[in-house]
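Read left to right, the sequence shown gives residues 606 to 1039 (our numbering).
Built from N, CA and C at the ideal position, the CB exists for glycine as well.
If you're wondering where the values come from, they're calculated on a predicted model, not measured in any experiment.
Everything on this sheet refers to the single structure shown next.
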Amino acid sequence: MSANDMTSTHALPLPGANKSLGERQFVKLSALLTKISFSDNFNRRRLREAGLQMAATEITSLDDFIKAVPFTTRADIMNDRVVQPPLGSNFTEPPSRYTRFCQSTGTQTGAPLVVLDTPASWESMLACWRTVYKAAGVKAGDRIFFAFSFGPFLGFWTAFEAAARDCLVIPGGGLSSQARLEMMARMEVSVLCCTPTYALRLGENIGVATGVSMDQIKVKRIIVAGEPGGCLPTIRARLKVLWGGAQVFDHHGMSEVGPVSYEDPERPASLCVIEDAYLAEIIDPQTGAEVEDGKEGELVLTTLDRVSCPLLRYRTGDWVCKHRVGEKLYLEGGVLGRTDDMAVVRGVNIYASAIENIVRRFSEVAEFQVEHSKVDGMDDIELLVELEPGVDEEMVGRLQARLRDTLSLRIPVKTSPPGSLPRFDFKARRWRKI
C-alpha cells in the first residue's frame, strides 16, 4: 500500500466500471430489488401495496423505478417500528447477521431512529467516507482528531473507522474544549473532524485563556458535517482565520442512509453526491417531480450499497440546489437547510442557513436563535441574538438593516440576556418553532 494513498485498499476497478453512471446504478438497483423480494420486509410490502408483485422483473429502467415506486418518509419508517416493535422490519438478512447498532439524534422529530447494519453494509459506508477523505486531501499518516461525544450516532463511528484504515485516529469524546485543544497541540493533529459550530467554538478558544497558542496548532484541514453551514462563505472564512489558514471541507449524511456527499476541490463550497452508492433525485416537494437544473428542491435518496437496511426513494428533508456537471450531481452551496427549517414570510422563502450566513458577519453576536411562529395562519420569524460582553446594542440596528437589504424582508431582531441561548457541541438547532 502506498504510504500516502487513502484509497489503495479500495483501488480495484468497480464491477462494470466502463458502464455509464445510470447503467451502474441500475445494475445495483436490480440486485437490491431482487434481494428485497426474497423476504417479508418493510420494502417488499410497500412495493406490493404499489402494485408491484415482483419489482425486480417489472422494473426495467431507472425511469420505471421512479414512476412506479412511492416515496418513503421518516414517518413510514417510524410507523413500521410501531407495528413491529422495537426495530421494525426493514431487514434483508437474518437477524443474526446484524452486528452494528446506531441511532439518529432525533433532533428533527424528538424520536431517535434505530438502524442496524451487517458487516457488508457497514463496509459500504466506510467506502463512502474514504471518498470524503480522499476529496479533502487526507493522506495516510495524517493525525485526525474527532471532537465528538461518540454516542450511538452513526456518523461518529463510520468516520472514525474509515480513517483508522490509514491514519492515526484520536477520539475526543468525554473531553472539555480545553482538554481537546491541549491534546490536539500535544499530538500535532493535522485534521479536525466536527460540526461547523464546534469548530468555531474550539477555534475561538485558541489563545492566552487556554494556554494553547496558534503556533502549537498544526491543523491543516477541517472536515465538518452534522448541520448546514460548512459551505457558508462567512463560516468558512471565519474558520480559516481562527485555525491559521486551515482548509475547510464540508460533508453531509444521515443515519438512515449513511455518508451521502463530499466537497469536490474542483467546486468548493458545494457538495457532490456519491452517486455510485445512491440514486439521487431532487424534487418539488409539492408535486414530487424532478426539478430542473439550477432549481431548488428536496433531496430524495435510494441506497444502492447499504442493502441490509435499504431505503427506496427516501425523502431526506434536505433542501438543496441541483447542479449537474456530466456524471456529477452537485448540491450547489451545500445543504441549504431543512424543509422544516424554512418559512415563507410575505412571499419570501427564508432558510436557516441564509440567516446564519448574515449573522456570522457580525462578530459582536455570541449566539443566536430564529423563532418561527404562525400569526393569523401566516409564517413569521424573529431573530434573538446574544451579544458579546461590552457590545453596544446599536449593532442590532445594523444587523436588522443587513437582513433587510439581503433578504428584502424586515426581520425583527431582539437581544437575549448573556448565557440564555443554548450552546452546541454537536448539531446546532437554532431554528425554533413556537
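Look at the alpha carbon of P838 and the alpha carbon of L847, and state the distance between them as a whole number of angstroms. 14 Å
Assign K927 to buried or exposed, taking buried as 16 or more other Cβ atoms, counted over all protein chains shown, within 10 Å of its Cβ. buried
Per-residue DSSP class, three states only, for V862: coil
With a threshold of 8 Å, are at least 3 pairs of Cβ atoms found where one atom belongs to the region 632-648 and the other to the region 690-702? yes
D985 - partner residues in DSSP beta bridges: S978
DSSP three-state call for M947: helix, strand or coil? strand
Our contact map puts E895 next to E886 with C-beta atoms below 8 Å; I'd like the distance itself, whole angstroms only. 6 Å
Classify Q713 as helix, strand or coil using the three-state DSSP reduction. At Q713, the pLDDT of 47 sits below 50, so the modelled position is not reliable and the matter cannot be decided from this model.
Applying the 10 Å Cβ sphere with the 16-neighbour rule, what's the burial state of R1015? exposed
Please work out which residues of its chain come closer than 8 Å, Cβ to Cβ, to N962, disregarding the five sequence neighbours upstream and downstream, and give them in chain order. L837, P838, T839 and I840
Across the region 811-828 and the region 723-732, are there enough close Cβ pairs to call them in contact, namely three or more that are closer than 8 Å? no
Candidates S1013, F973 and G1002, of which the one nearest S1025 by Cα: F973
If you compare alpha carbons, which of F751, I811, P801 and L780 is closest to S795? F751
Since G627 is in the beta strand (DSSP E), which residue starts that stretch and which ends it? No beta strand (DSSP E) holds G627; the alpha helix (DSSP H) holding it covers L626 to S642.
Report yes if the CB atom of G746 is closer than 8 Å to the CB atom of C772, and no otherwise. yes
Outcome for I1039 when other beta-carbon atoms lying within 10 angstroms are tallied against a minimum of 16: exposed
Could you say which of I986, F1029 and P1027 lies nearest to P1017 if we only look at CA atoms? I986
Need the endpoints of the beta strand (DSSP E) that V1018 sits in, please. V1018 to T1020
I'd like to confirm the pairing. Which residues does DSSP put opposite C798 in its beta bridges? F751 and I828
Is A830 closer than 8 Å to T802 when the C-beta atoms are compared? no
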